[in-house]
Each structure stands twice: as C-alpha cells, then as structure tokens.
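Engineer: Residue numbers for the sequence shown follow the working numbering, so the first one is 1 and each next one is one higher.
Backbone N, C-alpha and C define an ideal beta-carbon position, used for all residues, glycine too.
Let me give you the structure first, and then I'll get to my questions.
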Amino acid sequence: MSRNSLDSFESRTILALGRSRYNYHSLPKFAESFRADISRLPYSIKILLENLLRREDGVTVTRDDIVALGHWHPRTLPDREIQFMPARVLLQDFTGVPAIADLAAMRSALKRLGGDPARINPLQPADLIIDHSVQVDQYGTLSAPETNADLEFRRNRERYQFLRWGQRAFRNFRVVPPDTGICHQVNLEYLARIAMVAKQNDRKWVYPDTLVGTDSHTTMVNGLGVVGWGVGGIEAEAALLGQPCSMLIPRVVGFRFAGRLPPGATATDLVLTVTQMLRKKGVVGAFVEFFGPGLASLTVADRATIGNMAPEYGATIGVFPVDGQTLDYMRLTGRAALVPLIEAYFREQGLWYSPDQPEPRYSDTIELDLGTVEPCVAGPSRPQDRIPLTEVRGSFRKSLAGLMQNEAARMDRSILDCWFGDGGAPRYVAPELSIAPPDEKLGPLERCVPVRQPDGVAYNLCHGSIVIAAITSCTNTSNPSVLMAAGLLARNAVQRGLQVKPWVKTSFAPGSRVVTDYLASAGLMAYLEGLRFHLVGYGCTTCIGNSGPLPDHIAQAVVDGGLAVAAVLSGNRNFEGRINNYVRTNYLASPPLVVAYALAGNISMDLTRDPVGIDPNGQPVYLRDIWPADEEVADLVRRYVTPERFSRGYADILRGNGDWEGLPVPASELFRWEETSTYLKEPPFFADVTAVPAPVNDIRGARVLALLGDSVTTDHISPAGAIARESPAGRYLVSLGVKPEDFNSYGSRRGNHEVMVRGTFANIRIRNLLVPGVEGGVTKYFPKGEGEVMSIYDAAMSYQEKGIPLVVMAGAEYGTGSSRDWAAKGTRLLGVRAVIAQSFERIHRSNLIGMGVLPLQFMAGETGATLGFSGGETFDIDGIASLAPGGTLRVTARTATGSVREFQVLVRIDTPNELDYYRHGGILPYVLRQTLA
C-alpha cells in the first residue's frame, strides 16, 4: 500500500461491511467528480484507474495521468505512459534465484558506494514458489516422486540454502518449499485474494489484488479477475524495491463467448482454439478481456486455463471479470471467508460482471461460439498451430517432410501429396509394431530402427514414435474436469486390457497436492498408475523442459535413424529444443488425449478412426470406446473436489520436508559469496556502477553475432534444459571438476553468470543464418577473412578482446516465450549493444532495455534480407545520445568491399521511463542510484 493519495477527484470513501469499515477510492465517485460516464470502460482499464487514484502523488502519478486514463477511447493508439504499481510480486525459482542474487549484489554494491544495505529490501509482498527444478529422472513406479525429490534436493541444495537465507534476510518475502506445487496453481488456489486489505495510518484499506510475476504465465490468475502479467526478473526486482511498472495505456480487445462447449470438447481444446484465433488477430502488447453469455458455462478452472496461455496468444493479459463463478471458486478452494468483502467491494466499484449489463466498449472485438470447439492438439513447435484431431496425421507428415526437406525434394511430388492428403488407410497397429515393410516409394520418410529393450521387449522406433507422454503443467492440472477425464479414460482403457506402448516415457506432475488427493479418493490414481502415469513430483517438469533423460536404447535409436520422434504433453509451450534434446516434434494436448496418444504410441495414428490399441481378445479399441461421458466427469468433480481438500492441502504449504527445514541458514545482512561455488556467483552487473551514469554513445563498427529468422524464442536465446558436455557451459563446468551427471540444467544454474553467458544462444535447435544448414550455437568470427566458424560464446569473447561491439539481427516475433531475463542478461554479457528485429515480443523487449541493450525495429516492409545483408557487414548506429522514445535512428552498413548502405530503424524504447533505464545502463543500476540518492 503506497502513501496517501492527493485525491484530486475526492474519490476516497468508506465501505461498511458488518462491523468492519474499509477505506477505498470509489470509481463511481470519481466518475461523478470527473463528470463522465465510465460504466462502459473495459474492466481492466477500471482496475488501472483505481490504481492511479489510490497512488496519486503529483510526481509518479499526476492528475493528468488520471484524466488521460479516464478518457480512454477504444480507437486511441497507445501513446500515453502511466505508472502501474502491483500489489504484490510472484516468483518461481528459475527466475527467482537470479532475482534474489541481484538484490543481494545490490546490497553489496550499495555498501561499497557508502549507502545502507538494508535499504535494499522488498517493499511489496513477494512469494517465491520452488517448482522449476524437479525433473523426471524416474518414472512409471510408485517410488518415482521420492527419488526425483531426493535428486532435486541433492542437485539444488546450494540454491535452496541461498533462498532460505533470502527469506530470513529480506522483509516481505516468503518461500514455498520444493515438492509442493506449481507457482501459478498455488497462486490461483491459495495466494490470490481478489480484494486486498492493508493498514495505513491505523485505517483499513481495500483495493484490487494485482501483481506482476517473473514467469510469463502469471496471467493464469486472470481467470479469477486478478489483473497481473509476467515481467522479466529485472523488472520484478524493481517492483519489489518500490519502482512502478512503466506502461503505455493499452488497447483492450474484447473476446465474446457465446453458447457452451459441446460434449467431448475440453478447456484445453478451447484454449488452443482461442490461442490460434488471437495470434491470427494480432494482440501483442494488448489487454484481452473475455465477456459474453458463454462465461456462464465456464468455471474459473476453465477461465484460468485460457488466462494462462495469454503469452502464447501474445496478449499482456487475458482477463475475466469477477462474477458468481469467481465467488464459487473462492468457496471451493477454502477461501469462503474472503467472499463477502470481494462481492461487496466489486459491486460498489461497478466491477461486478452481469451478462445483462451493457457490454464494454473495446478497441476491437472477436467472437467464438463455444459450440464449434472441437478436440485438437497444437504443434509441432508452436502453441498457436492448432490441428483438429482429424488432421494430425497429415499435419505431422508435412512437418516431417519439412524436417527432411532434402530427402523429400528428391521424391515424386504426386506421391507426397497423396501421403499428405488422405492420410492413407486406417491403421490397426502402430507402425512400431507393424510386420508390413515400409513403403519403398516414401524411402526415409518411413524409416524405422529396430530396438530391443534390456528386458527383451522388441519393436521398431519410427518417425512419429511418441517417446514422451506427460500430464504436466499448471495450464491443465489446475482443472479438475480434464484430470478426472484423464483418470476415467485410463480406467476404461485398463478395464479393456490396454497398455501404454513400451517406448513411451510417461509422467504425471500436477501443480498441487490437492490433485492427487481428489484423484485417489475418486479411485482413479490406481488406473493412471496401471498405465504407468505414476506421480513423478509436484512441479513444472516436462513443460519447462525437465523431461529428464530418455532411456539409452531410445536415445540411441533416435540418433542412429535420424528419427523425428514426438512428445505429447498437457503443457503450454512446445518450442524447438525445449521439451527434450532428442525430440523434434512436440504437441500440446488435453490430459485425456495425452493418455490416448500414449496408448496409440505414434503421433501419426488417427485417433478419430484408428484404434488406440488391441484388447486381449484381439479386438480393436477406439478412442470413442473409452472416452468418458461429460456427465460422469462432472459427477466426480462435484463429489470429490471439495473445500476440505483444498484447506487440508494448503494448511502447511510454507513448511517443507526434513531436508528443507534442516538446511543451515546463515544470519547475515550481506550474502557471503563462495569463490568455489558453481551455482552462485556475485552478479557482475553492479561491479562498476558509479554514482552518476556515463553518457551513452553511438555504436561504431559493430559486427553481427547472430543473424536469425522469425519466431526466435527466449528458449532459443537462453535455454533452460540440459547442458551438453561439449558446449561452452559444459566445458566450463568440467574444468571446475563438475561431473556431467551433476550438470543439472541451465535453469538451475541461473545464479552463476559464467554458466549462463556461455549458454546464451546455445539452444541445439537455433539456426544462425551466418552458418547456413547448421543447428546450434555457432557463428562466424569475421575478423578472420571470410569468417571462422566457432561457438557464439567464443566469438563474442574474441570480439570483446578487440573492443568490437556486437549486434543481433532477427526477424519477426523476436523473444517469443518465457519471461526469461537471462535471455537479455546473457545478450548483454556477450557484448551485444543492440538487437535489430522486425518485431519484438513484449517482455523480451522490456528485458533488453532493462539490461541496457537497445531494441531497434526495421521499418515496415524492410528486413535484413530485403536490405541484402549477409551478416558480414559492419554497422554504425548514429544518434543514440539524443534518442527519444519511439524515434528513429540512422544505421550505416559497410561491406568488406567498401560498399555502403544506410537505413532507418525505429527505436523500441516506448516510454520516458524506459529511456531513463537505458541511459543508466539498465533498470537495476537506475534503482541502485535512486536508492543511493
């Protein structure tokens, strides 16, 4: 809660509820004083408006800011900056450890500069949930969760000890121990309050629950009507230290739902449909609000699934209003005591949703009849690429031909078109078990490799073999309906005598202990375990890339055959190289479809007409035979998903197991960095910070470190998964005596900048066009003639030794994906001064500025290709000293032969605040200097 508002519009008033009295800033009173009708403003704009009214101080928030937001118009383009202050901050451990490390380093830097280290302290409540570190080492057994938890703790003991120190050293900072749940599900089911209460000057204040989180899927809580979004760790750190989030008043796109989902369609099918529609529409940087009569049929769990994937459809938020479904969910999850205040406050504020009220005015509107949603998956590498279940076989075949384009180019096109088009005759067994020889006309596209497991089981491994089937991710495990459906489908399959194919690595990793409680009580866990979908732990696992190693015989067959095998997961991301290094095609699906595909065994099996298996009597069993009825799913949810289970599941959420509680915690204001640590090193970002920033200068003679195409994700830039032994990071760890089996993951080592800078642009699937036809983190080092091929890290270090600045050149949607601050931190440490791209994803653009890297955008219609750049040029960027938000700069490219080309680029520093951050070398040096002052 911030200091008292100036209250220029006299909006402060009292809400009386029983014996309690709450101060609040009334939107209706503001409208009366403002002499304007704000009733049809979008819900999210009203939330922002209350935020400004409550924080008006004449400096950070002015009367003019409030007037500008109060005059929000659907057709106005975003050009006015406001300062939003979230009520709280959410972190997970992959991004949270480097965030806390930065705060610890800021304390040390402040002391060196003569300030008080204790002033570096969270001013907003912050919760960090440890959920990203568990991986699927063991699976398919009852001992898997204990084994995986033990391995997680052994690998991450040093990191966890550091977080325990942070919990003691910093105020307003709580840590939820490992093996508890996934941060967004815990936020949805336990942390979120919807209406926040705080004391100031002995008065109670009530205001909307809002937040930012260090994970892009923070938007999951939008399903509860809570406005919040993902930011990079550096922006979250600034928010923790009392800095508001600078933003432009947003466009708001309305998404109208009508009707209800048809039988057999799930919330997962719905969110994949919405994602495809909104990506096609183009909502990057916009707020999306869902409304319409169809809301009545969508539970908060369904809504949260849709809100969760806002990053995938490109929006800043995907928010639902507060209504009766919201209150029902709060009661269901054990928070009934909060309901009276939520309802009273949101009704008084005109924030309560009723389907018969006038619809808000939106910048644009899109509509979906829920009755048209059909079962689907998304893949093989982008969440927005939805595929109806009937078209999966043909889609996979086209993707396979793309992956093997050289081989496909030598084939008869008519044969390929037939193979793509009709999908062939129905298959009664998976190709891995077929005794029929492959079609010779299709050659390598139907390649299979014989495999014999250690237990003697033999089969072929083929293109499309499903080697990973994972029920994972908060996106779906927060939704009891799809989990009950998965359990019922497993029951029906077991009762028909079906088994998961032996080459499939199965796992079940829910985001809350409540899930396994209600599934066990409903009698369904035993059936999931009967298909080897045993619990492997409570955490993100496969969705974040912690799928663990494939069995050796599977991995070897993939390599020997150059096979494009598949993963099917109930997650939210399926980017290249994310799920597993050996798996090239990844498909998002609902939990029951994950089970169905594990039974079928190959992604090219058409579940709408091919059997998922053969029963012991030799009879084919089809998906329609085992798919559960909606009525049975609803009945089990009603009977077994109860408030008592949520209250019991979250009663001791802050108390870890014996290993956690037994960690020694140093009691010190400053963290003592150990030189020998391979997990935690003092971040270098404050080593040379002075009280006054140095002036920014133009860029001269820059070389291109990477020339990249479209849709380069933050996974491409800074992978979170396994560290390869022969990579720069792997060689570094080996040099310190770390065994490859103890490498852990990039994500777990984000507290060590030496590992992370070596891992930047090290994704095994990244394609640097400077080295065409090659995948992985390599580039050309140009000072040597035509360019010497070497790792991106080694080249960057060589450029730094010679004092040569670097740029990265990319296509559209640069930085799609996770709110991964190391994608910007690593870029900075490699010596990259600017990134020139066709377009940027919101969070990564902000992160680049937050690290002092200049984001520049090609003018409309121009790309590096249309301008004829090979990547071997040198670049001068002029006008940086006098740049302005949204302005342009001149870039001059020079080739080795002396030819010169000039072009203009758009400065993607969008607000004055962002310009301040850039001039200070980043947001954290800016905050440090502000604190010192």
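Indicate whether Pro98 and Trp673 have their beta-carbon atoms separated by less than 9 Å.
Structural biologist: No, the pair does not count as a contact, with Cβ atoms beyond the cut-off.
Engineer: Arg579 and Thr542: beta carbons closer than 9 Å?
Structural biologist: The question names Arg, yet the displayed sequence has Ile at residue 579. Taking 9 Å as the Cβ cut-off, Ile579 and Thr542 qualify as a contacting pair.
Engineer: Determine the closest residue to His753 out of Glu786, Asp269, Ala762 and Pro684, with distance taken between C-alpha atoms.
Structural biologist: When only C-alpha atoms are compared, the closest one is Pro684.
Engineer: Which stretch, first to last residue, makes up the beta strand (DSSP E) that contains Asp127?
Structural biologist: That run of the beta strand (DSSP E) goes Ala126 to Ile129.
Engineer: What does DSSP give as the partner residues of Glu289 in its beta bridges?
Structural biologist: Looking at the DSSP assignment, Glu289 forms a beta bridge with Gly254 and Val319.
Engineer: Using the Cβ count rule (16 or more neighbours within 10 Å means buried), how would you classify His73?
Structural biologist: His73 is exposed by the Cβ-count criterion.
Engineer: Does the stretch 362–374 come close enough to the stretch 402–410 to have 3 or more Cβ pairs within less than 8 Å?
Structural biologist: These segments do not touch.
Engineer: Would you mind listing the alpha helix (DSSP H) stretches within the stretch 160–200 that are 4+ residues and don't spill past its ends, in chain order?
Structural biologist: Counting only runs of 4 or more, we get 183–186.
Engineer: Using only the alpha-carbon positions, how far apart do Thr477 and Gly511 sit?
Structural biologist: Taking the straight line from one Cα to the other gives about 6 Å.
Engineer: Taking a contact to mean a Cβ-Cβ separation below 9 Å, would you say Ala810 touches Ala893 in this structure?
Structural biologist: Going by C-beta atoms, Ala810 is not nearer than 9 Å to Ala893.
Engineer: Mapping the DSSP letters down to three states, classify Ala812 as helix, strand or coil.
Structural biologist: Looking at Ala812 - three-state DSSP - the assignment turns out to be coil, as it is neither helix nor strand.
Engineer: Tell me whether Arg958 sits in a helix, a strand or coil according to DSSP, three-state version.
Structural biologist: The question about residue 958 has no answer, for the chain in this structure spans 1 to 933.
Engineer: According to DSSP, simplified to helix, strand and coil, what is His25?
Structural biologist: In the structure shown, His25 sits in a strand (DSSP, three-state: E or B).
Engineer: Looking only at DSSP bridge pairs, what is Met790 linked to?
Structural biologist: Note: Met790 sits in a beta bridge opposite Thr779.
Engineer: So that I know if they touch, is there some Cβ in chain B lying closer than 9 Å to that of Met309?
Structural biologist: Absence of chain B from the displayed structure is noted, only one protein chain being present.
Engineer: In chain order, which continuous runs of the alpha helix (DSSP H) of length 4 or greater are located wholly inside the stretch 834–870?
Structural biologist: Entirely contained in the stretch 834–870, the alpha helix (DSSP H) runs reaching 4 residues are, in chain order, 842–850.
Engineer: Between which two residues does the alpha helix (DSSP H) carrying Ala600 extend?
Structural biologist: Where Ala600 is concerned, the enclosing alpha helix (DSSP H) stretches over Pro591 to Ala600.
Engineer: Counting pairs of beta carbons, one from the stretch 613–628 and one from the stretch 480–496, are three or more of them closer than 8 Å?
Structural biologist: Contact holds: three or more Cβ-Cβ distances are below 8 Å.
Engineer: From the DSSP output, read off the bridge partner residues of Arg452.
Structural biologist: Arg452 is bridged to Ala458.
Engineer: Is the stretch 624–632 touching the stretch 435–455 in the sense that three or more CB pairs, one from each, lie closer than 8 Å?
Structural biologist: Short answer: they don't touch.
Engineer: Ser395 lies in the alpha helix (DSSP H); which residues open and close that run?
Structural biologist: From DSSP, the alpha helix (DSSP H) with Ser395 extends over Val392 to Leu403.
Engineer: Determine whether the beta carbon atoms of Ser381 and Asn574 lie at a separation below 9 Å.
Structural biologist: Yes, Cβ-Cβ distance for Ser381 and Asn574 is below 9 Å.
Engineer: Would you grab the beta carbon distance between Arg548 and Val136 for me? Rounded to a whole angstrom, and I think it's under 8 Å.
Structural biologist: Note on residue identity: the sequence assigns Gly, not Arg, to residue 548. Correct: roughly 4 Å between the Cβ atoms.
Engineer: Am I right that Val274 and Gly314 are in contact with their C-beta atoms under 8 Å? What's the rounded C-beta distance?
Structural biologist: Not a contact, Cβ separation roughly 12 Å.
Engineer: State buried or exposed for Val900, treating a residue as buried only when at least 16 other CB atoms are found within 10 Å of its CB.
Structural biologist: Looking at its Cβ environment, which holds fewer than 16 other Cβ atoms inside 10 Å, Val900 is exposed.
Engineer: I believe Val89 touches Ile129 by the beta-carbon criterion, under 8 Å. Please report the beta-carbon distance rounded to the nearest angstrom.
Structural biologist: Contact flag wrong, Cβ pair sits at about 12 Å.
Engineer: Roughly how far, in whole angstroms, is the beta-carbon of Ile249 from the beta-carbon of Leu69, given that I think they are within contact range, below 8 Å?
Structural biologist: Right, their Cβ atoms sit about 6 Å apart.
Engineer: Helix, strand or coil for Phe875 per DSSP?
Structural biologist: If DSSP states are grouped into helix, strand and coil, Phe875 belongs with the strands.
Engineer: Is the stretch 581–592 in contact with the stretch 375–393, if contact means three or more CB pairs nearer than 8 Å?
Structural biologist: Contact between the stretch 581–592 and the stretch 375–393 is present, because at least three Cβ pairs lie under 8 Å.
Engineer: Per DSSP, which residues does Glu348 bridge with? Please list them.
Structural biologist: Partner(s): none; Glu348 has no beta bridge.
Engineer: Please report how far the alpha carbon of Gln904 lies from the alpha carbon of Phe875, in whole angstroms.
Structural biologist: Rounded to the nearest angstrom, the two C-alpha atoms are 12 Å apart.
Engineer: So which of Arg833, Leu848 and Glu10 has the shortest CA-CA distance to Glu32?
Structural biologist: Selected option, being the one with the closest Cα: Glu10.
Engineer: In terms of residues, what are the limits of the alpha helix (DSSP H) holding Val97?
Structural biologist: Residues Asp93 to Arg112.
Engineer: Throw me the rounded Cβ distance for the Gly96 and Thr214 pair, which I believe falls under 8 Å.
Structural biologist: Indeed they touch by this definition, with Cβ atoms about 6 Å apart.
Engineer: Go through its chain and collect everything with a Cβ distance to Phe153's Cβ below 6 Å, but skip five positions before and after it.
Structural biologist: Within the same chain, Phe153 has close Cβ partners Asp659.
Engineer: What residue from Thr714, Arg157 and Gly826 has the CA that sits closest to Thr934's CA?
Structural biologist: Here the chain has residues from 1 to 933 only, and residue 934 is not among them.
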